[in-house]
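In terms of full-length UniProt numbering, the sequence shown opens at residue 1 and continues consecutively.
Ideal Cβ placement from N, Cα and C applies to all residues, glycine included.
Quick caveat: nothing in here was measured; it's all calculated off a predicted structure.
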Amino acid sequence: MFESMRAYSCKCMVLNKILVGVLVVVGVTVSAAEATIYAPPSGDEAEWLFDPSKVVSISLNLSQASLDALAASDLDVREYVAATFSMDAETPTGMKTFGPWEIQAKIKGMWGSFRLLPAKSAFKLKFPNGSRINGLKKLTLNNMVQDPSKVHETVSYRLFREMGVPAPRTGYAELSINGEPYGLYLNVETLDDVMLSNWYGDDNTTHLYEGSYFGWYNNEFDPFDAGYEVDEGDDDNRSDLINLLELNESDSTTWFNNVKAKLDMQNVTRMWAVERYSGHWDGYSYSANNYYLHSDINGRFTMLPWGLDQTWGSWFEPSSPQGGTLFTKCMNVRPCRSRYVAALEQVRDAVLEMDLGTYARDLYASLRNYIVTDPKKEHSIEDADWWATYSADQIVSAGDRVSAWLAVEPIKPEINLSESQDTLQVTWTPLKYSSYPFEAPPDPVSKFTVFWRRVGSSIWRRRDIIDPSATTMALTAVRGGVEYEVKVAPMSGPREWSNSDVKVFTMGLPSQVLSLASSTLGSATSLRWQAPADLRGVAIGDVTYRIEMRRLSSIRWTPVFSGLIKIRSSGWYEKRVLLPRTDSAYEFRIRAEIVYGEGPWRTVRQ
Numbered sequence: 001m002f003e004s005m006r007a008y009s010c011k012c013m014v015l016n017k018i019l020v021g022v023l024v025v026v027g028v029t030v031s032a033a034e035a036t037i038y039a040p041p042s043g044d045e046a047e048w049l050f051d052p053s054k055v056v057s058i059s060l061n062l063s064q065a066s067l068d069a070l071a072a073s074d075l076d077v078r079e080y081v082a083a084t085f086s087m088d089a090e091t092p093t094g095m096k097t098f099g100p101w102e103i104q105a106k107i108k109g110m111w112g113s114f115r116l117l118p119a120k121s122a123f124k125l126k127f128p129n130g131s132r133i134n135g136l137k138k139l140t141l142n143n144m145v146q147d148p149s150k151v152h153e154t155v156s157y158r159l160f161r162e163m164g165v166p167a168p169r170t171g172y173a174e175l176s177i178n179g180e181p182y183g184l185y186l187n188v189e190t191l192d193d194v195m196l197s198n199w200y201g202d203d204n205t206t207h208l209y210e211g212s213y214f215g216w217y218n219n220e221f222d223p224f225d226a227g228y229e230v231d232e233g234d235d236d237n238r239s240d241l242i243n244l245l246e247l248n249e250s251d252s253t254t255w256f257n258n259v260k261a262k263l264d265m266q267n268v269t270r271m272w273a274v275e276r277y278s279g280h281w282d283g284y285s286y287s288a289n290n291y292y293l294h295s296d297i298n299g300r301f302t303m304l305p306w307g308l309d310q311t312w313g314s315w316f317e318p319s320s321p322q323g324g325t326l327f328t329k330c331m332n333v334r335p336c337r338s339r340y341v342a343a344l345e346q347v348r349d350a351v352l353e354m355d356l357g358t359y360a361r362d363l364y365a366s367l368r369n370y371i372v373t374d375p376k377k378e379h380s381i382e383d384a385d386w387w388a389t390y391s392a393d394q395i396v397s398a399g400d401r402v403s404a405w406l407a408v409e410p411i412k413p414e415i416n417l418s419e420s421q422d423t424l425q426v427t428w429t430p431l432k433y434s435s436y437p438f439e440a441p442p443d444p445v446s447k448f449t450v451f452w453r454r455v456g457s458s459i460w461r462r463r464d465i466i467d468p469s470a471t472t473m474a475l476t477a478v479r480g481g482v483e484y485e486v487k488v489a490p491m492s493g494p495r496e497w498s499n500s501d502v503k504v505f506t507m508g509l510p511s512q513v514l515s516l517a518s519s520t521l522g523s524a525t526s527l528r529w530q531a532p533a534d535l536r537g538v539a540i541g542d543v544t545y546r547i548e549m550r551r552l553s554s555i556r557w558t559p560v561f562s563g564l565i566k567i568r569s570s571g572w573y574e575k576r577v578l579l580p581r582t583d584s585a586y587e588f589r590i591r592a593e594i595v596y597g598e599g600p601w602r603t604v605r606q
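1) Going by DSSP, which residues form a beta bridge with residue 514?
2) Can you check the stretch 292–335 for any alpha helix (DSSP H) of at least 4 residues that lies completely inside it and give the ranges in chain order?
3) DSSP on residue 66, reduced to helix/strand/coil?
4) Buried or exposed: where does residue 555 fall if 16 or more other Cβ atoms within 10 Å of its Cβ makes it buried?
5) Using a beta-carbon distance below 9 Å, is residue 61 in contact with chain C?
6) Which residues does DSSP pair with residue 464 in a beta bridge?
7) Which residues in the same chain as residue 518 place their Cβ atom closer than 8 Å to its Cβ, once the five residues preceding and following it in sequence are excluded?
8) I believe residue 208 touches residue 231 by the beta-carbon criterion, under 8 Å. Please report the beta-carbon distance rounded to the nearest angstrom.
9) Looking only at its chain, what residues have a beta carbon closer than 8 Å to the beta carbon of residue 1, apart from the 5 residues adjacent to it on each side?
10) Could you tell me the boundaries of the alpha helix (DSSP H) in which residue 272 lies?
11) Since residue 296 contacts residue 206 with CB under 8 Å, what's their CB separation in whole angstroms?
12) I'd like the list of long-range same chain contacts for residue 505, defined as Cβ closer than 6 Å, with 5 residues on each side in sequence excluded.
13) Going by the CB atoms, is the gap between residue 546 and residue 535 shorter than 9 Å?
14) From residue 141 to residue 357, what distance separates their C-alpha atoms?
15) So, with DSSP's three-state summary, where would you put residue 160?
16) For residue 358, which three-state DSSP category applies?
17) Fully enclosed by the stretch 531–596, which beta strand (DSSP E) runs are 3 residues long or longer?
18) Using only the alpha-carbon positions, how far apart do residue 32 and residue 264 sit?
19) Using the three-state DSSP reduction, which class does residue 226 fall into: helix, strand or coil?
20) Can you have a look at residue 456 and say buried or exposed, based on whether 16 or more other CB atoms are within 10 angstroms of its CB?
21) Is the Cβ-Cβ distance between residue 105 and residue 70 less than 9 Å?
22) When you compare the stretch 254–273 with the stretch 298–315, are there three or more beta-carbon pairs, one atom per stretch, that lie closer than 8 Å?
23) Would you please state the rounded distance, in angstroms, between the beta carbons of residue 405 and residue 414? I believe it to be under 8 Å.
24) Count the C-beta pairs between the stretch 177–185 and the stretch 52–66 that are closer than 8 Å, then say yes if the count reaches three, no if not.
25) Per DSSP, what kind of secondary structure is residue 381 in: helix, strand or coil?
26) Rounded to a whole number of angstroms, what is the C-alpha to C-alpha distance between residue 112 and residue 146?
27) Indicate the three-state DSSP secondary structure (helix, strand or coil) for residue 98 in the structure shown.
28) Closest to residue 194 by C-alpha separation, out of 601, 166, 594 and 173, would be which residue?
29) Check whether the stretch 273–292 and the stretch 339–354 touch, using three or more Cβ-Cβ pairs below 8 Å as the test.
30) How would you write the range of the alpha helix (DSSP H) that residue 255 sits in, first residue to last?
31) Please look up how many angstroms separate the CB atoms of residue 288 and residue 324, rounded, as I've assumed it's under 8 Å.
32) Tell me whether residue 95 is buried or exposed, calling it buried when 16 or more other Cβ atoms sit within 10 Å of its Cβ.
33) Would you mind sorting residue 327 into buried or exposed? The rule is 16 or more other CB atoms within 10 Å of its CB.
34) If I follow the unbroken beta strand (DSSP E) through residue 88, where does it start and stop?
35) How is the alpha helix (DSSP H) around residue 194 delimited, first residue to last?
36) Please list, in chain order, all residues of the same chain as residue 97 whose beta carbon is under 6 Å from its beta carbon, the five residues on each side excluded.
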């Protein structure tokens, strides 16, 4: 079982290198200014503590005064109290006891998970200097009372991390308070300066804002609203957040270009894609809740997820226009929506590659005995078994739902490139799009823009086609022997839709040779052909020919002659080829080559 989990981890690391290194996905080009590569931390001293295959034992001792203070906690007021902490754990160097240490503890949780003692309270533990586990300043112990399977958070956070979204690691712990067992808890990595330095580097955090319930109880556009709680950074100077919120109020014609200057679009679209894929209805993209905003020293923001205990249920809505305004605006601005669609497709493929459903089943099997013996659990073991199976099934079936939704999303145009009389002919498929989830397309296409540039150039040239039904145009400002990159972008006003993949084409290649024929006599075959009709202005004496052959039963072509053939005369050319075996049938191919490159092959059978 744990072998399966370790194999899964290896797959994840490989997959992450693939995902976070790709900046051109599904026809969407993501500039370096839009995206930063984030890699999950590994090799830090506390890594062993966040191993879901191991369960540590934590003991808290609380005085009566501390118990009384905790009993006064509510949703608005939670004070730290004195506690004595000790932990027994299997470390990389063997079993070890940490403590006893004098620390501080407070109850955590919101409406669904908030519990007072003697129920199964969740805790935040704060450690003083000199009494820390491998440099950790805090531990966060979630009670998982809303997740009978106890796997939702671990599985979901893993998926976020593997998509390059900074997210906590997790482990498990059994907790006792004053000698009384409280059962299984999730040890989720605390979002503090220690965790942030692992992802963003040392001294690269200006603020970490905890966001909650905008659009329901708070004003998302007020940087000093209670919905923005400063966890790291200066509570009074929120100029970075003020700047982002002002940009977020831009109208739809300028919103994307304005916001992407201060918001990592690759990060947030992947964040929202994982939220929607995992059914995280209580996250930013649906409820504007359970998320963090991190700003670096340049005032650039990323999002981090939180509160994933109710993922992998039946809820699935990939793009409903509800939730935080960054998400709802993204869904109605095509360049942003295209990035989100690409991210959702990546998440679907990542889940399959990671075999995440199997991982969830194996993880639950490793935890089941701890759930059985948990004296504070709020669900029966039968409920836990049912939810574990259901959640693992949802992890897999969500991919089918995403595929069905993608099938009715706007389809990017497919383009083809060809030459015609010294012009580069660009053709593309008619644009198709679905009205889902809108009654009518929010931004109907008004024109197409064809972009092209020489390979190696940083500057795109462009030409507008003011016809939403157009499917072709000819580029005349091109030169022979030059490689060009071309893409087509449907436009709605100044905004891009789902632009095509970038295609590369070399101008000035010769056409096919003419009239290739063969005749065989004994052990030799004579090949006859004429020069191509179009040599791109190259003198006929400067054209060379390459001839290859193969047996009909073979897939490998071999050169007939050691080098290229150069024939300086015009008219018919003929070359005699000796056959290796007279009892086999052969086919031959020939192409013309000039200074600009090679023409297409022409093939003939014996």
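For this structure:
1) 530
2) 325–330
3) helix
4) exposed
5) No chain C appears in the structure shown, which is made up of a single protein chain.
6) 449
7) 525, 526, 527, 528, 588, 604, 605 and 606
8) 5 Å
9) Any reading at residue 1 needs caution, since the residue's pLDDT is 47, under 50, leaving its predicted position unreliable; the model's value is listed next. Hits under 8 Å: 362, 365 and 366.
10) 265–277
11) 6 Å
12) 417 and 484
13) no
14) 25 Å
15) helix
16) helix
17) 544–551, 572–578 and 586–594
18) Residue placement at residue 32 cannot be trusted, given a pLDDT of 48 that sits under 50; what the coordinates show is reported in the next sentence. Residue 32 and residue 264: Cα-Cα distance of roughly 10 Å.
19) coil
20) exposed
21) yes
22) yes
23) So it is not a contact: roughly 20 Å between Cβ atoms.
24) yes
25) helix
26) 7 Å
27) strand
28) 166
29) yes
30) 255–259
31) 4 Å
32) exposed
33) buried
34) 81–91
35) 193–200
36) 88
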